[in-house]
Amino acid sequence: MIIKNTIAALIPLALMAGAVFAQGEEEKASPAKLMLELEEALPRKAPETGQPVAFAHSVNWDKSIEKIGFVLVRASGTKVEPHALFLLGCCLFNSHEIEQAKATFEDLKRRFPKHALCTTATDQRTGKSLVDQGIEDCGDELQFRAVNKVRKLPQPELDPASATTLHLTAGRVTIQFYKNVALKHRENFLKLASEGFYDRTRVHKVIPGHIVHMGDPNSKVRDPSRWGKGDPGYVIDNEFSLVSHKRGTITMWRGSGRPSSHGSQFQILLKDQPHLDFVQTPFAEVVEGIEIVETLSRQSRNQYEAPVVDCFLNGITTPKK
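Below, the structure is given as structure tokens:
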């Protein structure tokens, strides 16, 4: 997800604002108890610097939304209500319910215009109130999704009928494509495979335990200085979605400075890499043979990060039509 200022980082500030009135409340006072319930409904960790995407993907936001909603019903008419609304907006944002998050922040601002969250409680990075910053972040995210045609998907679904086998020197690896994600990338890959484009290309880059990179037609010749620079003569428009780049994901390489996906080069990921979300396009997953790819990634490498012992993609068996 592209987030200029991740709303998750603002949650502790809202809780601090709520603590001002919570302190001093007697044990029987419901606002203090409700604030404690709000705190318990939130993730127990904060996002690491520069890793808002990884944080957003690592939390069960739906569970937090459910808990906050339960508190919100009982907090109606109390001092806790605006805080519950703000935190609900934050969690909705990080669960990708951007329209609902924006509506929640706007409702909070309309109903409680003089509340500290709308006035004095500010994001130190921008100087704006927490609510205004939330509304702005939602607007930015909605604009990004509109421009890049990002689709909201319930969950990526693999298509068992699409099972395809990569015949590597190191062994056979079976993959399946998504049935509701990156369909142009799927079509392109299968087209190239059926034409024999990938046959006898080399695995031209490995990073131990991280990625295995292949699909360059230049790698058919024994000149590693040219590997990684070849293509089929075209690029593919990005097909961003809510699929996270986890271990076993096959993603089309984009490369530094490229506005679109590469036409043929792809990577198999060997660890979760959420920093690639909304940067590259994932289109398939390894369903058998990930251990073969893992072992391959740990081969000795030359100065070009290619395996010293050649590993060829000898051919690809595509599904019968």
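Heads up, the sequence shown is in my numbering, so the first residue is 1 and it goes up one at a time. Note that beta-carbon positions come from the ideal geometry of N, C-alpha and C, so glycine has one too.
Range of the contiguous beta strand (DSSP E) that encloses residue i
| i | result |
| --- | --- |
| proline 113 | Here proline 113 belongs to no beta strand (DSSP E), and DSSP marks it neither H nor E. |
| glycine 127 | Unbroken run through glycine 127: none, as it is neither H nor E. |
| arginine 172 | 171-177 |
Reduced DSSP secondary structure (H/G/I, E/B, other) of residue i
| i | result |
| --- | --- |
| arginine 301 | strand |
| arginine 202 | strand |
| threonine 104 | helix |
| threonine 295 | helix |
| phenylalanine 93 | helix |
| alanine 29 | For alanine 29, the predicted model reports a pLDDT of 40, less than 50, meaning its position is unreliable; a value from the coordinates is still stated below. Three-state result, alanine 29: coil. |
| histidine 213 | strand |
| asparagine 314 | strand |
| phenylalanine 86 | helix |
| histidine 185 | helix |
| proline 43 | coil |
| leucine 276 | helix |
| glutamate 99 | helix |
| serine 264 | coil |
| proline 160 | helix |
| proline 232 | coil |
| proline 307 | strand |
| leucine 192 | helix |
| leucine 270 | coil |
Endpoints, alpha helix (DSSP H) assigned at residue i
| i | result |
| --- | --- |
| glutamine 143 | 130-147 |
| phenylalanine 240 | Phenylalanine 240 -> no alpha helix (DSSP H), and no H or E assigned at all. |
| leucine 72 | 61-75 |
Where residue i falls, given that 16 or more other Cβ within 10 Å makes a residue buried
| i | result |
| --- | --- |
| lysine 102 | buried |
| glutamate 141 | buried |
| phenylalanine 55 | Residue placement at phenylalanine 55 cannot be trusted, given a pLDDT of 49 that sits under 50; what the coordinates show is reported in the next sentence. When all chains shown are included, phenylalanine 55 counts as buried. |
| phenylalanine 70 | exposed |
| alanine 40 | It is worth fixing the name first, because residue 40 is glutamate in this sequence and not alanine. Exposed, by the Cβ-count rule. |
| glutamine 303 | exposed |
| lysine 251 | Sequence inspection shows threonine at residue 251; the lysine mentioned does not correspond to that position. With 16 or more Cβ atoms within 10 Å of its Cβ, threonine 251 is classed as buried. |
| glutamate 239 | buried |
| glutamine 265 | buried |
| histidine 204 | buried |
| glutamate 195 | exposed |
| aspartate 310 | exposed |
| asparagine 60 | exposed |
| arginine 298 | exposed |
| alanine 146 | exposed |
| glutamate 81 | buried |
| glutamine 143 | exposed |
| leucine 38 | buried |
| histidine 210 | exposed |
| tyrosine 234 | exposed |
| glutamine 267 | buried |
DSSP bridge partner residues for residue i (one or two, in chain order)
| i | result |
| --- | --- |
| proline 282 | Thr251 |
| threonine 120 | Threonine 120 is not bridged to any residue. |
| leucine 166 | Val173 and Ile316 |
| glutamate 288 | Thr174 |
The ligand MG heavy atom lying under 8 Å from the CB of residue i
| i | result |
| --- | --- |
| glycine 139 | Here there are no bound small molecules, and the ligand MG is not part of this structure. |
Candidates the options, of which the one nearest residue i by Cα
| i | options | result |
| --- | --- | --- |
| threonine 281 | Leu183, Glu288, Pro113 and Met35 | Leu183 |
| leucine 108 | Thr126, Lys33 and Ile135 | Ile135 |
| phenylalanine 112 | Asp123, Ser129, Leu42 and Ser261 | Ser129 |
| leucine 359 | Asp277, Arg258, Thr122 and Glu285 | No statement about residue 359 is possible, as the shown extent of the chain runs from 1 to 321 and does not include it. |
| glycine 77 | Arg247, Val279, Asp223 and Pro31 | Pro31 |
| glutamine 176 | Leu34, Trp253 and Thr164 | Thr164 |
| proline 259 | His245, Phe278 and Leu270 | Phe278 |
| alanine 84 | Ala161, Ser219, Asp123 and Leu117 | Leu117 |
| glycine 248 | Asp199, Glu291 and Ala121 | Glu291 |
| valine 181 | Phe197, Val173, Gly228 and Val243 | Val243 |
| leucine 296 | Met35, Gly139 and Leu270 | Leu270 |
| cysteine 90 | Asp137, Asp216 and Lys79 | Asp137 |
| glutamate 294 | Gly315, Ile236 and His213 | His213 |
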